[in-house]
Amino acid sequence: MVEVRLFAGLRKGRQKVYQMESASVKTVKDIMDALDIEVKEVNILLINGFHQKPETEVKDGDVVSLFPAVGGG
Amino acid sequence: MANAYYEKIARVNLTTGEITVEALDVEVAKKYIGGRGLGTKIAYDEGCATSDPLGEGNKLIYITGPLTGAAAPSSGRYMVVTKSPLTGMIACSNSGGKWGAKLKYAGWDAIIVEGMSETWKYLNIVDDKIELLDADEYLGMFSEELDDKLKEKHGKEASVLSIGIAGEKQVLMAAIMNDKDRAAGRSGVGAVMGSKKLKGIVVKATRTNPNDVIASEEALKAANKEVMVNIRENGLTGGGLRALGTASLVNVINSVGSLPTKNWQESYYEKAEDVSGEALAEKFLVKASACHRCPIACGRVVKVDDKVVGGPEYEPLWAYGANMGNSDLAAINKANMLCNEYGLDAISVPCTIAAAMELYEKGAIKEEECAGVPLVWGSTEALIEWTKRIGNPETELDWLMSSGSARLCEHYGMPEVSMSVKKQEMPAYDARGVQGIGITYATSNRGGCHVRGYTIAPEVVGLPVQLDRTVTNEKAFWAKTFQDLTAVIDSMGLCLFTSFALGAPEYTKLINAACGTEYTPEEVLLLGERIYNIERLFNKAAGMKPEDDRLPKRLLEEPVKEGPSKGMTSKLNVTLPEYYKERGWVDAFPTDETLERLGLGEYIGR
Ligand code: SF4
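Residue numbers (my numbering), protein chains in the order written: chain D, 3 to 75; chain X, 2 to 607.
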């Protein structure tokens with residue numbers, strides 16, 4: 003399983019967390035497609051707490067976190 | 002020629018009650034931009050560095066920048082420059098709201114307050130008239146009530162700056178409040194006001210813009226139009242901050258395993274979601290709010306019981322949340338409101354309570370010292386009650402707590418429990434999993450602080466580019482560049498948050514249009530570097546030692562226990578020498594050559 007966590011505005015019309023079969027998604031982009039999230043909507047993309055790209059492959063047990071434009075200080 | 006300054010400074014001597022008007026030295030102002038830069042130059046030259054911060058020799062400089070209140074995004078900023086009683090070094094606390102813009106519209110570049118009054122006073126400024134009035138009847142009031150009362154007296158168009166009970170009592174973490182819930186929060190600037198018995202400054206202005214001193218209104222309008230495109234098109238400044246405020250960072254920083262938890266003993270908080278920006282928006286948010294002329298609107302307005310008040314930023318949300326092991330959001334909102342009411346730094350105060358909770362856990366603070374409210378992790382009663390006690394100290398432990406975590410932990414023989422730099426508490430980003438921010442903390446001239454070089458932007462948020470947060474490469478360069486650019490933005494009188502969308506070229510356009518200068522972006526960054534260096538010279542004169550550029554031992558020696566940054570420590574031993582090299586400093590201070598290069602030759606040998 004891959005756990006997908008969505009934050010801030012990406013939660014609109016979606017769940018906060020999804021569990022996805024790792025066999026059904028190869029990359030983060032596949033996850034985003036499945037959830038109907040466009041690449042330009044995502045500002046911070048993490049796998050297990052480290053910055054990655056949409057084309058990065060995911061594997062069983064990964065936690066994928068997607069954020070839109072958030073920040074401050 | 003118009004140059005964006007009113008070329009007028011008021012000097013108020015509280016010992017004699019005398020108020021004089023001085024001409025601004027425009028050449029000097031240009032060399033240091035204004036605000037933070039010029040304020041520090043004045044503070045240094047007038048001997049604040051070697052003064053007792055709570056004594057007669059220290060001065061308070063309330064200062065605007067050339068762009069304060071002007072047609073530029075988020076231009077409502079003013080700064081308070083003085084010697085900090087918390088750190089014993091330079092203090093420059095920056096605030097938004099409306100007050101700073103009104104001071105500028107009243108025709109003042111700066112107000113310098115010196116000496117000490119025997120009885121409580123406040124200043125009333127109406128355009129070019131300034132009078133000193135008795136403040137006795139306003140003592141002991143909360144900021145909001147005081148704001149209302151002073152407006153009743155001086156008119157609702159007035160803007161009020163004041164200290165709360167904490168400032169009156171010279172609490173070392175006392176803030177200066179303006180417009181009810183905006184704060185020049187850090188480094189204990191409110192205590193300096195308290196030591197002088199100055200309760201507040203009320204400002205009214207007939208002008209509604211500073212266009213009469215702008216070099217070219219047309220050029221500024223064009224520059225503003227241009228930079229506003231960047232502000233609008235950037236996801237963060239164009240909507241992200243309005244939607245969730247800075248509080249959106251709770252989940253981001255936790256997700257990268259860098260949310261300090263239980264006084265930095267851990268770096269990942271299981272219950273972060275409960276105290277996140279998302280939860281705040283869902284459960285408590287009434288609306289977003291904005292400072293003067295700000296299109297970004299990061300401010301929060303929330304409900305606390307039946308009141309509608311200013312809501313917490315990311316920092317207090319973290320400090321009263323994860324850092325205390327507390328997941329009760331309603332309690333955080335309330336504690337944040339109390340900080341505003343008492344006039345307290347909503348970063349240092351909760352961080353000190355968190356340090357006290359660790360001291361209590363370790364058995365250093367005993368239950369019998371706690372006057373009925375033990376300092377237990379996650380206790381909402383403790384975080385609320387101890388905030389009130391710090392704001393209005395009575396018992397011995399109250400007073401110790403109100404002097405900040407460094408003095409508190411030192412007292413109990415456990416200095417390493419204080420998560421501070423130069424005696425000021427560090428904010429909400431664990432420097433073990435994010436290498437660049439550790440340089441900012443260690444070398445910040447005002448002690449533990451994130452807004453003196455916010456490398457979190459590239460290291461976590463991906464602005465302007467995404468860096469690998471875990472490596473040390475090039476972080477010294479980034480820290481220095483951000484520090485210098487921040488010094489420029491502060492000194493101009495703009496909000497730092499504009500820098501998510503703007504860079505040196507855009508700020509240069511705004512300065513040139515407003516001041517009639519012809520700087521290149523490189524020259525503007527050099528001004529920032531000059532400012533950073535004169536702050537360092539102030540600290541040197543104040544007695545700073547090379548070993549003050551440090552991080553708490555915990556960050557260097559105790560690897561992160563759990564979460565995405567597990568196993569990491571700060572590599573400051575690698576980055577600090579690189580940083581000094583970037584700066585042209587040896588043993589924490591600029592070399593003569595560096596001072597010459599920066600046009601600070603007059604300070605060689607001092
Ligand atoms: S971005 Fe936030 S803090 Fe900055 S001026 Fe705007 S509302 Fe105030």
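Idealized CB from N, CA, C, for every residue including glycine.
Is R453 of chain X near ligand 1, in the sense that its beta carbon is under 8 Å from a heavy atom of that ligand? no
Would the beta-carbon of G165 of chain X fall within 9 Å of that of G494 of chain X? no
Look at the alpha carbon of Y20 of chain D and the alpha carbon of A282 of chain X, and state the distance between them as a whole number of angstroms. Rounded to whole angstroms, Y20 of chain D to A282 of chain X spans 22 Å at the Cα level.
Are the beta-carbon atoms of A542 of chain X and T88 of chain X separated by less than 9 Å? Cβ atoms of A542 of chain X and T88 of chain X: not closer than 9 Å.
Residue-level contact to chain D via CB, N252 of chain X, 9 Å cutoff: By this cut-off, N252 of chain X is an interface position.
Give the interface partners of R16 of chain D over in chain X, defined as CB-CB distance under 7 Å, in chain order. Those do not exist, as R16 of chain D stays about 13 Å from chain X at its closest Cβ, beyond 7 Å.
Tell me whether I297 of chain X, by its Cβ, gets closer than 8 Å to a heavy atom of ligand 1. yes
Quick one: is V72 of chain D near chain X, going by C-beta distance under 9 Å? yes
Contacts that F539 of chain X makes with chain D (C-beta to C-beta distance below 8 Å): Simply none; closest approach about 24 Å.
May I ask you to check if the CB of G300 of chain X is nearer than 8 Å to at least one heavy atom of ligand 1? yes
Sorry if obvious, but does the Cβ on R233 of chain X come closer than 8 Å to a heavy atom of ligand 1? Because no heavy atom of ligand 1 lies under 8 Å away, the Cβ of R233 of chain X does not count as near it: no.
By how many angstroms is the C-alpha of L61 of chain X removed from the C-alpha of Y45 of chain X? 12 Å
C-alpha distance - E369 of chain X paired with I333 of chain X, whole-angstrom precision: Rounded to whole angstroms, E369 of chain X to I333 of chain X spans 26 Å at the Cα level.
Express the C-alpha separation of D182 of chain X and G278 of chain X in angstroms, rounding to a whole number. G278 of chain X and D182 of chain X have their alpha carbons spaced roughly 19 Å apart.
Taking C-beta pairs closer than 7 Å, name the residues in chain D that E563 of chain X reaches, listed in chain order. Residues of chain D passing the Cβ test: none, with the nearest at roughly 11 Å.
What are the start and end residues of the alpha helix (DSSP H) that includes G311 of chain X? Per DSSP, G311 of chain X belongs to no alpha helix (DSSP H); it is in the beta strand (DSSP E), K308 to G311.
Expressed to the nearest angstrom, what Euclidean distance is found between the alpha-carbon atoms of T247 of chain X and T17 of chain X? Spanning the two alpha carbons is a distance of roughly 44 Å.
Does the Cβ of L497 of chain X lie closer than 8 Å to at least one heavy atom of ligand 1? L497 of chain X: yes, Cβ under 8 Å from ligand 1.
Could you tell me which whole beta strand (DSSP E) segments of length 3 or greater appear in the stretch 6-33 of chain X? If only uninterrupted beta strand (DSSP E) runs of at least 3 residues are considered, those enclosed by the stretch 6-33 of chain X are 9-14 and 20-24.
Indicate whether at least one CB of chain X lies closer than 9 Å to the CB of G11 of chain D. yes
By DSSP, does L162 of chain X sit in helix, in strand, or in coil? strand
Bridge partners of Q21 of chain D, per DSSP? D:E5
Please report the straight-line C-alpha distance between V251 of chain X and P317 of chain X, rounded to a whole angstrom. 11 Å
Inter-stretch contact (C-beta, 8 Å, three-pair minimum) for the stretch 124-136 of chain X and the stretch 336-355 of chain X: In this structure the stretch 124-136 of chain X does not touch the stretch 336-355 of chain X; the number of beta carbon pairs closer than 8 Å is below three.
Any chain X beta carbon closer than 9 Å to L37 of chain D: Judged by the 9 Å Cβ criterion, L37 of chain D is not in contact with chain X.
What would DSSP say about S67 of chain D, mapped onto helix, strand or coil? strand
Count the other CB atoms, across all protein chains shown, that sit within 10 Å of the CB of Q17 of chain D; report buried if there are 16 or more and exposed otherwise. exposed
What in chain X is Cβ-close to I46 of chain D, meaning under 7 Å? V253, V462 and G463
Could you tell me whether the Cβ atoms of S268 of chain X and V203 of chain X are closer together than 9 Å? no
Of the residues D:N45, D:V6 and D:L12, which one's Cα is nearest the Cα of V27 of chain D? Relative to the Cα of V27 of chain D, the nearest Cα in the group D:N45, D:V6 and D:L12 belongs to D:V6.
Could you spell out where the beta strand (DSSP E) holding V1 of chain X opens and where it closes? Past the edges of chain X, shown from 2 to 607, lies residue 1 of chain X, and the structure says nothing about it.
Figure out for me which residue from X:W121, X:G70, X:I440 and X:A323 has the closest Cα to the Cα of N686 of chain X. Nothing about residue 686 of chain X can be read from this structure; chain X reaches only from 2 to 607.
To which residues does DSSP link H53 of chain D through a beta bridge? D:L48
Using a Cβ-Cβ cutoff of 9 Å, what residues of the stretch 260-287 of chain X are near chain D? List them in chain order. Y269, E274, S277, G278, E279 and A282
E283 of chain X: first and last residue of the uninterrupted alpha helix (DSSP H) it sits in: It spans G278 to K284 - the alpha helix (DSSP H) in which E283 of chain X sits, taken as one unbroken run.
On a Cα-Cα basis, can you pick out the residue from X:T471, X:Q467, X:A92 and X:N393 that is closest to I46 of chain D? X:Q467
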